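Peer 1: Below is the structure I would like to discuss, written out as structure tokens.
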Amino acid sequence: MGVGPLIEKLEKEKLKNSGADQLNMYEEPTDSESEDDERFSPEDIKKRAQVFEKKFKRHEELLKNFTEAETLDDAFKWMNKIDKFEQKHLQLRPEYRVIGELMNRMKESTGKDRFLLQQKLNRAIRLVEWKEAYDPNNPANYGVVHHEQMGASADLLKMLDLKRKNK
Numbered sequence: 001m002g003v004g005p006l007i008e009k010l011e012k013e014k015l016k017n018s019g020a021d022q023l024n025m026y027e028e029p030t031d032s033e034s035e036d037d038e039r040f041s042p043e044d045i046k047k048r049a050q051v052f053e054k055k056f057k058r059h060e061e062l063l064k065n066f067t068e069a070e071t072l073d074d075a076f077k078w079m080n081k082i083d084k085f086e087q088k089h090l091q092l093r094p095e096y097r098v099i100g101e102l103m104n105r106m107k108e109s110t111g112k113d114r115f116l117l118q119q120k121l122n123r124a125i126r127l128v129e130w131k132e133a134y135d136p137n138n139p140a141n142y143g144v145v146h147h148e149q150m151g152a153s154a155d156l157l158k159m160l161d162l163k164r165k166n167k
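Using UniProt numbering, you'd call the opening residue of the sequence shown number 1 and step up by one each time.
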């Protein structure tokens with residue numbers, strides 16, 4: 001159960017999707033004011049919402065056809081279409097794909113391999129939870145990130161100063 005086959009599989013996927021990976025690549029935000037970020041313009045936001053709505057409706061239509069299939073051959077055909085559509089248009093972030101792959105492999109494994117996969121899966125899930133909890137782009141995490149950068153002691157000092165001023 002080495003990592004060789006996984007690496008080969010990922011390299012094959014990388015060759016197949018070389019252009020798509022560049023589009024989904026994470027970009028660090030810059031402090032440069034000279035760059036005008038088109039992603040957040042009202043027209044671009046509206047356009048992305050419309051594209052997502054189209055994809056969502058198409059996905060619903062494919063699922064409806066799959067559930068209404070009368071024979072196994074029809075169901076298999078629709079299932080393949082759904083898989084291809086999801087791979088092309090609704091691709092998950094790499095972290096979630098790794099977790100899914102680990103879960104699929106864990107279903108088939110036993111003994112020591114299962115234990116190792118459980119450890120890897122737990123570690124991957126903790127990593128994803130940590131990334132989501134400390135994501136600086138998420139406004140809900142502002143207080144958490146602020147406390148991490150400034151330290152809780154800075155807030156305590158401010159509160160003590162306010163109490164002294166109020167007395």
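Ideal Cβ positions, reconstructed from N, Cα and C, are used throughout, including at glycine. All figures in this text were calculated on a predicted structure; none of them were measured in a lab.
1. Taking LEU15 as part of the alpha helix (DSSP H), name the residues at either end of that continuous run.
2. Between GLU132 and the rest of its own chain, which residues show a CB-CB distance below 8 Å, the 5 nearest in sequence each way excluded?
3. Just the Cα atoms here: how many angstroms apart are LEU41 and PRO136?
4. Compute the beta-carbon to beta-carbon distance between LYS81 and LEU62, rounded to the nearest angstrom, for a pair I have assumed lies under 8 Å.
5. Could you tell me whether the region 116-131 touches the region 94-103, where touching means 3 or more Cβ pairs closer than 8 Å?
6. Under the rule that 16 or more other beta-carbon atoms within 10 Å means buried, what is LEU117, buried or exposed?
7. Does the distance from the CB of LEU102 to the CB of LYS77 come in under 8 Å?
8. Rounded to whole angstroms, what's the CA-CA distance from LYS163 to ALA140? Just pull it up for me.
9. What number of angstroms, rounded off, separates the C-alpha of LYS84 from the C-alpha of LEU160?
10. Can you tell me the Cα-Cα spacing of GLU86 and GLU68, whole angstroms?
11. Taking 7 Å as the limit between beta carbons, can you name the residues of its chain near GLN50, skipping five residues before and five after?
12. If you measure between the beta carbons of LEU92 and HIS59, is that distance less than 8 Å?
13. Skipping 5 residues on each side, what residues in its chain have a beta carbon closer than 7 Å to that of PHE66?
14. What separation, rounded to the nearest whole angstrom, lies between the Cα atoms of MET106 and PRO5?
Peer 2: Let's see:
1. Going by DSSP, LEU15 is part of the alpha helix (DSSP H) stretching over 4-16.
2. Within its own chain, the residues whose Cβ lies closer than 8 Å to the Cβ of GLU132, once the five positions on either side in sequence are excluded, are ASN138, listed in chain order.
3. With the sequence shown as reference, residue 41 is identified as Ser, and Leu is not the correct amino acid for it. If you take the alpha carbons of SER41 and PRO136, they lie about 21 Å apart.
4. With 8 Å as the limit, LYS81 and LEU62 qualify as a contact, their Cβ atoms being about 6 Å apart.
5. A contact exists between the region 116-131 and the region 94-103.
6. A residue is called buried once 16 or more other Cβ atoms fall within 10 Å of its Cβ, and LEU117 is buried on that count.
7. Not closer than 8 Å, so no.
8. CA-CA distance, LYS163 to ALA140, rounds to 28 Å.
9. One alpha carbon belongs to LYS84, the other to LEU160, and they sit about 60 Å apart.
10. Going from the Cα of GLU86 to the Cα of GLU68 covers about 19 Å.
11. The answer is none, since no qualifying residue turns up.
12. Going by C-beta atoms, LEU92 is not nearer than 8 Å to HIS59.
13. So the qualifying residues of the chain are ALA75, TRP78, MET79, ILE82.
14. For the pair MET106 and PRO5, the Cα-to-Cα distance works out to about 16 Å.
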